[in-house]
Amino acid sequence: MQIDDLTAGLSLNFLIHLNTEQLQFESKILEVYPRRHTLLAEGVFTDDKIISFRGKGLVVDLIVTFPEEKPQLFKNVTTNVVKRADGTLCYTVFSVAGSKTYNRRQSYRCYVGIETAVQCGLNRAAHDAIIKDISYNGFSVVSKEDLKLEVNQTVHAVLNDHMDETAENFNFHLYGLVARIQELENGLFLYGCRLNNPVPGLEQYIIKKERAVLRKRQSS
Numbered sequence: 001m002q003i004d005d006l007t008a009g010l011s012l013n014f015l016i017h018l019n020t021e022q023l024q025f026e027s028k029i030l031e032v033y034p035r036r037h038t039l040l041a042e043g044v045f046t047d048d049k050i051i052s053f054r055g056k057g058l059v060v061d062l063i064v065t066f067p068e069e070k071p072q073l074f075k076n077v078t079t080n081v082v083k084r085a086d087g088t089l090c091y092t093v094f095s096v097a098g099s100k101t102y103n104r105r106q107s108y109r110c111y112v113g114i115e116t117a118v119q120c121g122l123n124r125a126a127h128d129a130i131i132k133d134i135s136y137n138g139f140s141v142v143s144k145e146d147l148k149l150e151v152n153q154t155v156h157a158v159l160n161d162h163m164d165e166t167a168e169n170f171n172f173h174l175y176g177l178v179a180r181i182q183e184l185e186n187g188l189f190l191y192g193c194r195l196n197n198p199v200p201g202l203e204q205y206i207i208k209k210e211r212a213v214l215r216k217r218q219s220s
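Take the sequence shown: its letters are residues 1 to 220, numbered as in UniProt numbering.
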């Protein structure tokens, strides 16, 4: 599929690669200019300022979702901030390359790095750990000790985070099933978990976290 084949109104996500980090921002197609291999997308704002997806070492991919088709991924697109006739700021997105089907299992994860206490299975004992990262459908924790967990065992972790950029406090109870166990080279143990159910407010938290990280990167 080409950008020329897309239509206004479709939902899209900008997938931003910053070194080893990945950030994702929701938007929507406003217009498509087929002969120019370009589309116009809604702006993403923080503190009433549009976020620029341009910078040294920054790579932008585009994920487009459809009502009855699988999402399509356009790699390494070119974006620019533009102002419409009515003064609205938005993005032009350019690409001559075709897309490929996007596998949601490859979903990016937002780095967290916050200390927590983990409860495993029916055991009420709490173990010190760090919530390494989180996504809309899963999270991972890292522990200094081998928690003796098995795949599909239940894990409960609490995420408490104060975001200086928005002066907000966030608190989430994360219940998941272990999907991956890995002993890292530094001797730590990593447990990747699938969330049992959607967590109210988690999506907005991730979006705000990503915006704060991107703004911090661009200002440094």
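Note that beta-carbon positions come from the ideal geometry of N, C-alpha and C, so glycine has one too.
What span of residues does the beta strand (DSSP E) with residue i cover, start to end?
{"i": "residue 199", "result": "Taken as a continuous stretch (DSSP letters only), residue 199 belongs to no beta strand (DSSP E), as it is neither H nor E."}
{"i": "residue 15", "result": "11-18"}
{"i": "residue 85", "result": "Per DSSP, residue 85 belongs to no beta strand (DSSP E) and is neither H nor E."}
{"i": "residue 178", "result": "168-183"}
{"i": "residue 132", "result": "126-134"}
I'd like to confirm the pairing. Which residues does DSSP put opposite residue i in its beta bridges?
{"i": "residue 143", "result": "189"}
{"i": "residue 28", "result": "11"}
{"i": "residue 1", "result": "According to DSSP, residue 1 bridges with nothing at all."}
{"i": "residue 261", "result": "Residue 261 lies beyond the residue range present for the chain, which begins at 1 and ends at 220; the question has no answer from this structure."}
{"i": "residue 49", "result": "46"}
{"i": "residue 37", "result": "In the DSSP output, where bridge partners are listed per residue, residue 37 has none listed."}
{"i": "residue 240", "result": "Past the edges of the chain, shown from 1 to 220, lies residue 240, and the structure says nothing about it."}
{"i": "residue 138", "result": "194"}
{"i": "residue 21", "result": "18"}
{"i": "residue 123", "result": "The partner list for residue 123 (beta bridge, DSSP) is empty, contrary to what the question assumes."}
For residue i, which of helix, strand or coil comes out of DSSP?
{"i": "residue 68", "result": "coil"}
{"i": "residue 157", "result": "strand"}
{"i": "residue 56", "result": "coil"}
{"i": "residue 44", "result": "coil"}
{"i": "residue 109", "result": "coil"}
{"i": "residue 213", "result": "helix"}
{"i": "residue 205", "result": "helix"}
{"i": "residue 165", "result": "coil"}
{"i": "residue 91", "result": "strand"}
{"i": "residue 115", "result": "strand"}
{"i": "residue 152", "result": "coil"}
{"i": "residue 6", "result": "coil"}
Quick check on this structure: which residue in the options has the alpha carbon closest to the alpha carbon of residue i?
{"i": "residue 130", "options": "122, 144, 208", "result": "144"}
{"i": "residue 133", "options": "148, 151, 192", "result": "192"}
{"i": "residue 29", "options": "190, 8, 15", "result": "8"}
{"i": "residue 161", "options": "3, 171, 153, 154", "result": "171"}
{"i": "residue 14", "options": "42, 168, 165, 156", "result": "42"}
{"i": "residue 213", "options": "46, 158, 115", "result": "46"}
{"i": "residue 35", "options": "110, 2, 189", "result": "2"}
{"i": "residue 175", "options": "206, 200, 48", "result": "200"}
{"i": "residue 65", "options": "121, 11, 19", "result": "11"}
{"i": "residue 197", "options": "139, 24, 37", "result": "139"}
{"i": "residue 16", "options": "49, 67, 78", "result": "78"}
{"i": "residue 84", "options": "54, 115, 31", "result": "31"}
{"i": "residue 224", "options": "210, 91, 149", "result": "Residue 224 is absent from the model: the chain starts at 1 and stops at 220."}
{"i": "residue 186", "options": "163, 142, 164", "result": "142"}
{"i": "residue 4", "options": "203, 112, 97, 128", "result": "97"}
{"i": "residue 209", "options": "120, 89, 164, 88", "result": "164"}
{"i": "residue 25", "options": "61, 92, 114, 122", "result": "61"}
{"i": "residue 216", "options": "40, 37, 38, 52", "result": "52"}
{"i": "residue 71", "options": "58, 205, 91, 100", "result": "100"}
{"i": "residue 159", "options": "117, 188, 152, 125", "result": "117"}
{"i": "residue 102", "options": "136, 202, 74", "result": "74"}
Would residue i count as contacting chain B if we go by Cβ distances under 8 Å?
{"i": "residue 81", "result": "Reference to chain B is not applicable here, since this structure consists of a single protein chain."}
Between residue i and the ligand NAP, is there a pair consisting of the residue's CB and a ligand heavy atom that are separated by less than 7 Å?
{"i": "residue 132", "result": "In terms of ligand content, the structure shown is empty, and the ligand NAP therefore cannot be addressed."}
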